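Undergrad:
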Amino acid sequence: MIRFFDIVFSFLGLLLLTPIILLLFIIGLFDTGSPLFRQERVGMNQKPFKLLKFRSMHVNTQTVATHLVQVSAITKWGSFLRKSKLDELPQLFNVLMGDMSFVGPRPNLFNQLELIEERAKRGVYSIRPGITGLAQIHKIDMSNSQLLAETDAKVIGHLNVWYYFKYIFLTVFGKGFGDRARK
């Protein structure tokens, strides 16, 4: 049932938000010259996929978890995108294609070995990664691998249509957030 909602809502989201996505893309061209950010992430069953986002950092920023990146790497436009969560809009394509869900554990990088180990122990990779989830609602970022993996595992234990909509609602109305860059 959740996959059905993912398909319907991502398709409708892309259809309705196309003007905004195009506008953000054009502004991003002026900001960094490369408005879309593609990065290989760990997906369901630990299979790689290309995560799409609007670029919020300079093009030459190192590929590490966001909490390890200096705030100075974030552009002024990127800061707005991150605060408004608009940088996540291209992930609607990832959801539509089946690489992600709206709700699930945030996809990590392949170089986050400790997190991969903690998540693998708890079966977290048995579901699609998500745009938001319980960890984001509780403001748990990827800097604490064990706590994040334990929280992600809780989602697997109780994810149903009710929690799916609850996590989306809480995120849209300001409760959830992503990893924060260091000051």
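Going by this note's numbering, the first residue of the sequence shown is number 505, and it counts up by one from there. Beta carbons: idealized from backbone N, C-alpha and C, even for Gly. Since we're looking at a predicted model, the values are computed, not measured.
Could you pull the start and end residues of the alpha helix (DSSP H) that Leu-663 belongs to?
TA: Taking the first residue of the sequence shown as 1, we reach residue 663 at position 159. Run containing Leu-663: none; DSSP gives neither H nor E here.
Undergrad: Report the three-state DSSP secondary structure of Lys-643 (helix, strand or coil).
TA: Position 139 of the sequence shown, counted from the first residue, corresponds to residue 643. Lys-643 falls in the coil class under three-state DSSP.
Undergrad: Using only alpha-carbon positions, find the residue among Ile-524, Leu-600, Asp-645, Lys-658 that is nearest to Leu-585.
TA: Mapped onto the sequence shown, residue 585 falls at position 81. The shortest Cα separation from Leu-585 among Ile-524, Leu-600, Asp-645, Lys-658 belongs to Ile-524.
Undergrad: Could I get the ranges of all uninterrupted alpha helix (DSSP H) runs contained in the stretch 595-632, with 4 residues as the minimum, in chain order?
TA: You should have 595-601, 617-625.
Undergrad: Please classify Val-546: does DSSP put it in a helix, a strand, or coil?
TA: Taking the sequence shown and counting its residues from 1, the one referred to as residue 546 is at position 42. DSSP places Val-546 in strand when its eight states are reduced to three.
Undergrad: Buried or exposed: Thr-713, going by 16 or more other Cβ atoms within 10 Å of its Cβ?
TA: This structure cannot settle anything about residue 713, because the visible part of the chain is limited to 505 through 687.
Undergrad: Can you tell me whether Ser-630 is buried or exposed, with buried defined as 16 or more other CB within 10 angstroms of its CB?
TA: Sequence index remark: in the sequence shown, residue 630 carries index 126 (1-based). So Ser-630 ends up on the exposed side.
Undergrad: Could you check what DSSP says for Phe-553 in three-state terms: helix, strand or coil?
TA: One-based indexing of the sequence shown puts residue 553 at position 49. Strand.
Undergrad: Just to check my reading of the structure: Arg-610 and Glu-654 have Cβ atoms closer than 8 Å, yes? What is that Cβ distance to the nearest angstrom?
TA: Counting from 1 along the sequence shown, the entry for residue 610 is found at position 106. Counting from 1 along the sequence shown, the entry for residue 654 is found at position 150. Their Cβ separation, rounded to whole angstroms, is 14 Å, which puts Arg-610 and Glu-654 out of contact at 8 Å.
Undergrad: For Gly-634, report the span of its beta strand (DSSP E) as first-last.
TA: Here residue 634 is taken as the residue at index 130 of the sequence shown, counted from 1. Its beta strand (DSSP E) spans residues 634-636.
Undergrad: Count the other C-beta atoms from every protein chain shown that fall within 10 angstroms of the C-beta of Glu-622, then say buried if there are 16 or more, exposed otherwise.
TA: Within the sequence shown, numbered from 1, the residue matching residue 622 stands at position 118. That one is buried.
Undergrad: Just checking: is the beta-carbon of Met-646 within a distance shorter than 8 Å of some beta-carbon in chain B?
TA: As a matter of chain content, chain B is missing from the structure shown, which is built from one protein chain.
Undergrad: Assuming the contact rule is C-beta atoms closer than 8 Å, Phe-606 and Gly-634 should be a hit. Round their C-beta distance to whole Å, please.
TA: The residue you call residue 606 lines up with position 102 of the sequence shown. The residue you call residue 634 lines up with position 130 of the sequence shown. 6 Å between Cβ atoms; contact.
Undergrad: Along the chain, where does the alpha helix (DSSP H) containing Ser-576 start, and where does it finish?
TA: Start at 1 with the first residue of the sequence shown, and residue 576 comes out as number 72. Neither: Ser-576 is in no alpha helix (DSSP H) and is coded neither H nor E.
Undergrad: DSSP on Leu-540, reduced to helix/strand/coil?
TA: In the sequence shown, residue 540 corresponds to position 36, counting from 1. Three-state DSSP puts Leu-540 in a strand.
Undergrad: Can you tell me whether Phe-677 is helix, strand or coil according to DSSP?
TA: Counting from 1 along the sequence shown, the entry for residue 677 is found at position 173. In this structure, Phe-677 counts as coil in the three-state DSSP scheme.
Undergrad: Between Asp-510 and Ser-649, what straight-line distance do the alpha-carbon atoms span, to the nearest angstrom?
TA: Reading the sequence shown from its first residue, position 6 is the one you call residue 510. Reading the sequence shown from its first residue, position 145 is the one you call residue 649. Answer to the nearest angstrom: the Cα atoms are 27 Å apart.
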